[in-house]
Amino acid sequence: MKPLIAIGGIPFDRPIDQHSRNMIYYIPQGYIHAVEAAGGIPVVIPPSTNLSQVDVLLERVDGILLAGGSDVSPLNYGQEPHPKLGAINERRDLFEIELVEQAMKRNIPILGICRGLQIINVALGGTLYQDLSENPAFTIKHQQYGTNWDTPTHSVKLLQPSILDEVFADQKRPVVNSLHHQAINQLAPGTTALAQSHDGLIEAFQVDNKDVLAIQWHPEAQYLHDANQLKLFSWLITMAQN
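Here the sequence shown is numbered in my numbering, starting from 269 and rising by one per residue.
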């Protein structure tokens with residue numbers, strides 16, 4: 269049977285008129301299509317304020333995909349907001365942190381992409397740079413806005429043997445796309461960095477002895493032009509079937 273993959277929905281607070289608002293939960297189609305192409309069944313789940321529902325949800329799914337989106341609130345890792353902090357959504361933060369914690373207890377595999385990497389790191393006790401300007405060592409352009417999202421724009425160094433060896437098997441110098449202004453500062457305990465950019469930013473990590481993989485770039489925007497990027501989603505599907 270094809271595994272059921274829960275994808276965390278992205279909240280969007282859209283005004284209806286001057287007197288009312290409407291909260292929409294959505295997910296870019298790349299995530300949906302990539303999960304389907306890898307052999308899974310995607311289900312988009314909205315972040316709930318009732319965190320007790322997480323346990324019930326996890327009884328019905330086989331894997332978790334945490335997508336990109338808004339910034340992670342620094343209050344969740346003991347900091348006050350930096351002037352360049354972007355939009356945050358505390359409901360989504362708390363729901364996804366609970367999702368990570370409970371899924372790991374159940375040994376349900378997780379793939380985190382961009383913000384997904386960041387929320388996994390925070391959930392496990394790590395911290396973030398609220399904006400890359402906090403570290404002058406970051407000299408590479410990590411926000412490629414104005415360039416097509418499926419275009420790789422900077423190279424990465426692989427640090428440990430992992431699934432990334434297969435993803436970049438035919439590249440002598442692995443290159444990724446880059447769409448973020450936040451990044452890992454302190455890597456959470458019990459994790460291992462798998463890749464970094466040439467200015468030292470952590471681009472991927474795994475959780476030790478768990479089926480949890482986190483990457484900073486966006487393979488859902490690349491896999492149609494780079495079939496190897498689909499292997500990240502295939503990894504999730506394979507782990508979810510075990």
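Every residue gets a Cβ at the ideal spot worked out from N, C-alpha and C, and that includes glycine.
Could you name the residues that DSSP lists as bridge partners for residue i?
i    : result
S465 : V424
I505 : Bridge partners of I505: none, in fact.
A472 : A463 and I483
G276 : I313
V443 : S423
A451 : Y397
Y293 : P279
Check whether the Cβ atoms of residue i and residue j lie closer than 8 Å to each other.
i    : j    : result
P310 : I300 : yes
V480 : P351 : no
V303 : F501 : yes
G298 : K270 : no
I332 : A371 : yes
L396 : Q386 : yes
E434 : P296 : no
L432 : A495 : no
D361 : L272 : no
L334 : E366 : no
G277 : V322 : no
Closer than 7 Å by C-beta to residue i: which residues in its own chain qualify, once you throw out the five before and the five after it? Chain order, please.
i    : result
H486 : G336, I381, C382, W417, N445 and L447
L561 : The structure shown does not extend to residue 561, since the chain is modelled only from 269 to 510, so the question has no answer here.
A547 : Outside the shown range of the chain (269 to 510) lies residue 547, about which nothing can therefore be said.
T317 : R359
S430 : L462 and Q474
L427 : A461, L462, A463 and Q464
T415 : T421
N403 : Y397
Are any of the Cβ atoms in chain D nearer than 8 Å to that of residue i?
i    : result
G308 : The chain labelled as chain D is not found in the depicted structure, where only one protein chain is given.
In chain order, what residues of the same chain have a beta carbon less than 8 Å from the beta carbon of residue i, not counting five sequence neighbours either side?
i    : result
I470 : A451, I452, L455, A461, A463, Q464 and Q484
V443 : P420, T421, H422, S423 and V424
Q398 : D339, P342, Q347, P349, H350, K352, L353 and Q450
H466 : I408, H422, S423, V424 and K425
D476 : G458, T459 and T460
R328 : L272
D438 : N496
H493 : D418
Q509 : P271 and D330
Which same chain residues end up closer than 6 Å to residue i when comparing Cβ atoms and leaving out the 5 residues on each side of it in sequence?
i    : result
Y491 : A302, Q497 and L498
Q411 : H449
L379 : L333, L481 and L504
V368 : I388 and A391
L319 : E366
**Study point:** Contact between the segment 385-394 and the segment 438-457 (3+ Cβ pairs under 8 Å)
**Key:** yes
Exercise for review: Would you check if the segment 438-447 and the segment 346-355 touch, i.e. whether three or more CB-CB distances between them fall below 8 Å?
Suggested key: no
Practice item. Just list the alpha helix (DSSP H) runs in the segment 328-415, keeping only unbroken ones of 4 residues or longer that don't cross its boundaries, in chain order. Key: 358-373 and 383-391
Check your understanding: So does the segment 327-343 actually touch the segment 356-365, counting three or more Cβ pairs closer than 8 Å?
Key -> yes
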